[in-house]
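Participant:
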Amino acid sequence: MREFAALALEEVPALAQDILREIRAEYPGLPVVLDDSGEPMALIGIRRALEGFVKEIASQEGRPRYHLEVFQEFGRGEGLHGRSLDSLQAIYRLGVRLAWRRLAEIGQQIEIPPPAMYELAESGFEYLDGLVDQSVRGYAEAAAREAGERLRLQRKLMELLLSDRRSDSAPGPSYGSGSGPSSGAAALGNGLGERAARVGWQLPERVAVGVLLRPAREAVAPAVGEGVLLDMEAEQPRMVVPDPDAAGRPELLRRAMTGWSGAIGPPVALADAAKSLRWAEAAVRLMERGLLPSGEVLHCTEHTEALVLLQPEELIEDLARRCLAPLEHCGPAHGRRLAETLLAWLETRGGAPEVAARLGVHPQTVRYRLRQIRELWGDEVDDPDRRFELELVLRARRLRGQLGRA
Numbered sequence: 001m002r003e004f005a006a007l008a009l010e011e012v013p014a015l016a017q018d019i020l021r022e023i024r025a026e027y028p029g030l031p032v033v034l035d036d037s038g039e040p041m042a043l044i045g046i047r048r049a050l051e052g053f054v055k056e057i058a059s060q061e062g063r064p065r066y067h068l069e070v071f072q073e074f075g076r077g078e079g080l081h082g083r084s085l086d087s088l089q090a091i092y093r094l095g096v097r098l099a100w101r102r103l104a105e106i107g108q109q110i111e112i113p114p115p116a117m118y119e120l121a122e123s124g125f126e127y128l129d130g131l132v133d134q135s136v137r138g139y140a141e142a143a144a145r146e147a148g149e150r151l152r153l154q155r156k157l158m159e160l161l162l163s164d165r166r167s168d169s170a171p172g173p174s175y176g177s178g179s180g181p182s183s184g185a186a187a188l189g190n191g192l193g194e195r196a197a198r199v200g201w202q203l204p205e206r207v208a209v210g211v212l213l214r215p216a217r218e219a220v221a222p223a224v225g226e227g228v229l230l231d232m233e234a235e236q237p238r239m240v241v242p243d244p245d246a247a248g249r250p251e252l253l254r255r256a257m258t259g260w261s262g263a264i265g266p267p268v269a270l271a272d273a274a275k276s277l278r279w280a281e282a283a284v285r286l287m288e289r290g291l292l293p294s295g296e297v298l299h300c301t302e303h304t305e306a307l308v309l310l311q312p313e314e315l316i317e318d319l320a321r322r323c324l325a326p327l328e329h330c331g332p333a334h335g336r337r338l339a340e341t342l343l344a345w346l347e348t349r350g351g352a353p354e355v356a357a358r359l360g361v362h363p364q365t366v367r368y369r370l371r372q373i374r375e376l377w378g379d380e381v382d383d384p385d386r387r388f389e390l391e392l393v394l395r396a397r398r399l400r401g402q403l404g405r406a
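For the sequence shown, UniProt numbering begins at 1 and goes up steadily by one.
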């Protein structure tokens, strides 16, 4: 083996050149990357691989300390350029086949017995597996680095997209209008378009923003599909859904969100994404308080009444104290029955039979309660503005579970 190694090492420089020449002929599109001295990195890799193999089989002290990091670099290069390892492994196999042809000639020249040559060939293919492992490691590192960089850029894009560019911070009831000039050009001007291009995200006309509640701390990110921006780093993950009303998008999200809960804000113009986020955050807060259903991902557009009436809590409570002051002298149970009757009357705009049917009580009972309501509020129940305020605060109380549902 020492004689074989000595002859093989003499052949390495020329053999490396021959192998590279054959590889380039087989793969003419192979990029030529030079090291600092101007020598092709592929040639350096082939030469080091041959020297490493020969030294390994000649060593009597186990595997020598011979560094083949260049093959990690080959793998990293494939990963960074978005290519698979298939072509690289095919090149390795071609190189091993060409190298083995010459090494077999050297073995015959010095009359190495066939059994020993079989062992030598087996060692060669094991060595090839090691080179592939090095490249796979480099490829995985590049993929992880690329994924990490993409996630970082994606979070930066979402931060810019969801930054509040309005002077008012409270959500308003005009979220569904979609009217008015789009500020997409302004968004592009402050870097949104550039950041989107860096992660390959095409700027949509409209978006909806979701806020999620983790089913468990170790929960795997939902498979929301391409185009949906997802930030799992936040305590409550956020996502930006482009063109939320596009064909198939709602069903895809529904399947992807199985097991998750949270809320998706209303569709808005791209530059108004922060508004959609605020509605989603408001819905999640109500879910956490038990005022909206939990255990699923809600759409804010399907819970407009709750979001409008339960959000400005201090204002609604102040209005309720003033509007429902006549009930302060009634007992809790009786006051609740009168409030439910008043709300049913306001909603039906009907007489005692209609209200009774809504409440499931006798019409005579309703007539008695309506007389009491008239005594407590007087002519105020005939004033359109006061009727509106009464219905507003009573609906809010029903949403909070303080009144029964007719």
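Yeah, the Cβ is synthetic: ideal placement off N, Cα and C, and Gly gets one too. As the structure is a computational prediction, the values presented were derived from the model and not from experiment.
#1: Hey, could you find the ends of the beta strand (DSSP E) Pro242 is sitting in?
#2: What are the residues that DSSP puts in a beta bridge with Leu229?
#3: Mind pulling the beta strand (DSSP E) runs of 3 or more residues that sit fully within the stretch 250-274?
#4: Give me the Cα-Cα distance between Arg198 and Pro244, rounded to the nearest whole angstrom.
#5: If contacts are defined as beta-carbon pairs under 8 Å, then Arg102 and Leu15 qualify, I think. What distance do you get, rounded to the angstrom?
#6: Need the endpoints of the alpha helix (DSSP H) that Ile334 sits in, please.
#7: Just the Cα atoms here: how many angstroms apart are Leu192 and Trp201?
#8: Closest to Asp318 by CA distance: which of Val366, Gly259, Leu390 and Gln236 is it?
#9: Thinking Leu403 and Glu340 are a contact (beta carbons under 8 Å), I'd like their distance in whole angstroms, please.
#10: Just list the residues that DSSP pairs Leu34 with in beta bridges.
#11: Rounded to the nearest angstrom, what separates Phe388 and Val361 at their Cα positions?
#12: Quick one: what does DSSP say Arg206 is sitting in, helix, strand or coil?
#13: With DSSP as the reference, identify every bridge partner of residue 408, one or two as the case may be.
#14: Helix, strand or coil for Val224 per DSSP?
#15: Ignore the nearest five residues each way along the sequence and tell me which others in Val54's own chain have a CB closer than 6 Å to its CB.
#16: Might you give, ordered along the chain, the residues of its own chain that have their beta carbon closer than 8 Å to the beta carbon of Ala256, omitting 5 neighbours on each side?
#17: I'd like to confirm the pairing. Which residues does DSSP put opposite Val136 in its beta bridges?
#18: Short of 8 Å in beta carbon distance, which residues of its chain neighbour Glu305, apart from the five on each side in sequence? Order them along the chain.
#19: Using a Cβ-Cβ cutoff of less than 7 Å, which residues in the same chain neighbour Val355 once the five nearest sequence positions on both sides are dropped?
#20: Roughly how many whole angstroms lie between the Cα atoms of Leu298 and Val211?
#21: Whose C-alpha, out of Arg48, Asp129, Val207 and Leu85, is nearest the C-alpha of Val228?
#22: Could you tell me the distance, in whole angstroms, from the CA atom of Leu338 to the CA atom of Leu162?
#23: Using the DSSP secondary-structure output, state which residues sit across from Leu213 in a beta bridge.
#24: DSSP three-state call for Asp245: helix, strand or coil?
#25: Use the C-beta contact count for Gly45: other C-beta atoms within 10 angstroms, 16 or more gives buried, fewer gives exposed.
#26: What is the DSSP secondary structure of Trp201, reduced to helix, strand or coil?
#27: Keeping to the same chain, check which residues put their C-beta closer than 7 Å to that of Pro204; ignore five residues upstream and five downstream.
#28: Could you pull out every residue in the same chain whose Cβ sits closer than 8 Å to the Cβ of Arg2, ignoring the five residues on either side in sequence?
#29: Relative to the alpha-carbon of Leu376, which residue among Gly29, Gly401, Ala325 and Gly351 has its alpha-carbon at the smallest distance?
#30: Return the Cβ separation of Ile19 and Gly124 in integer angstroms, given the expectation that the two are a contact with Cβ distance under 8 Å.
#31: With a cut-off of 8 Å on the beta carbons, I'd call Phe74 and Ser135 a contact; round off their distance for me.
#32: Under the three-state reduction of DSSP, which class applies to Ile110: helix, strand or coil?
#33: So the alpha helix (DSSP H) Val361 belongs to, where does it begin and stop?
#34: Out of Trp100, Gln17 and Glu141, which one is the CA nearest neighbour of Gln72?
#35: Within this structure, are the beta carbons of Trp279 and Gly265 separated by less than 9 Å?
#36: What did DSSP end up calling Gly29 once you bin it into helix, strand or coil?
Facilitator: Concretely, from the data shown:
#1: Arg238 to Pro242
#2: Val240
#3: 261-264
#4: 22 Å
#5: 5 Å
#6: Residue identity differs from the one stated: residue 334 is His in this sequence, not Ile. Pro332 to Thr348 is the span of the alpha helix (DSSP H), which, as asked, contains His334.
#7: 10 Å
#8: Leu390
#9: 5 Å
#10: Pro40
#11: 25 Å
#12: strand
#13: What the structure shows of the chain is the stretch from 1 to 406, and residue 408 is not part of that stretch, so it cannot be assessed.
#14: coil
#15: Ala5, Ala8 and Leu9
#16: Pro222, Ala223, Val224 and Gly225
#17: DSSP lists no partner for Val136.
#18: Arg395 and Leu399
#19: Thr341, Ala344, Trp345, Thr348 and Val366
#20: 10 Å
#21: Val207
#22: 45 Å
#23: Ser261
#24: coil
#25: buried
#26: coil
#27: Pro242, Asp243 and Leu270
#28: Ala58
#29: Ala325
#30: Not confirmed; about 13 Å, so no contact.
#31: 5 Å
#32: coil
#33: Careful: Val361 lies outside any alpha helix (DSSP H) and carries neither H nor E.
#34: Glu141
#35: yes
#36: coil
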